[in-house]
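If you read the sequence shown in my numbering, its first letter stands for residue 13, the second for the next number, and so on.
Just so it is clear, CB atoms sit at the ideal spot from N, CA and C, and this is done for glycine as well.
Some notes on the structure that comes next.
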Amino acid sequence: MTAADLPELPDPVCGSMIHLFGPHGPAPKADYWANWHDCSDNFTCAPCLQMVQAEFERKAAGNTVTCPKCRREFNTFNDFVKWQQL
């Protein structure tokens with residue numbers, strides 16, 4: 013699925029759960045449509061995508077990162093997630 017396959021939404025918001033609690037809510041307007049290696053896909057804001065990338069790179073540091081959902085291993089962030097700006 014790509015952003016072109018999505019229905020027209022007036023203002024999609026970030027789907028990260030961090031925006032459901034505390035000082036990070038409500039969810040901001042989404043900046044990207046992210047596809048997590050066909051394991052899942054959702055709208056995301058730029059700060060959330062940057063946070064995931066930083067965490068991926070911290071964990072990778074010469075190792076592979078394993079997806080907790082599908083158990084596939086990834087060496088680079090660009091293989092782990094593809095994104096399209098909205």
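Run of the beta strand (DSSP E) containing ASN54, from where it starts to where it stops: Residue numbering aside, residue 54 sits at position 42 when the sequence shown is read from its first letter. Here the beta strand (DSSP E) through ASN54 covers 52-56.
For GLN96, the residue or residues it bridges with in DSSP: Position 84 of the sequence shown, counted from the first residue, corresponds to residue 96. In DSSP, GLN96 forms a bridge with TRP45.
Straight-line Cα distance separating PHE55 from TYR44: Position 32 of the sequence shown, counted from the start, is the residue given in the question as residue 44. Position 43 of the sequence shown, counted from the start, is the residue given in the question as residue 55. Taking the straight line joining both Cα atoms gives about 6 Å.
Inter-residue spacing [alpha-carbon to alpha-carbon] between SER28 and THR76: Numbered from 1 along the sequence shown, position 16 holds the residue referred to as residue 28. Numbered from 1 along the sequence shown, position 64 holds the residue referred to as residue 76. Going from the Cα of SER28 to the Cα of THR76 covers about 23 Å.
Straight-line Cα distance separating PRO35 from VAL93: Here residue 93 refers to the residue found at position 81 of the sequence shown. Here residue 35 refers to the residue found at position 23 of the sequence shown. The alpha-carbon atoms of VAL93 and PRO35 are separated by roughly 26 Å.
Pick from GLY37, LYS41 and CYS51 that is closest to THR78, judged by C-alpha positions: Position 66 of the sequence shown holds residue 78. Among GLY37, LYS41 and CYS51, the Cα nearest to that of THR78 belongs to CYS51.
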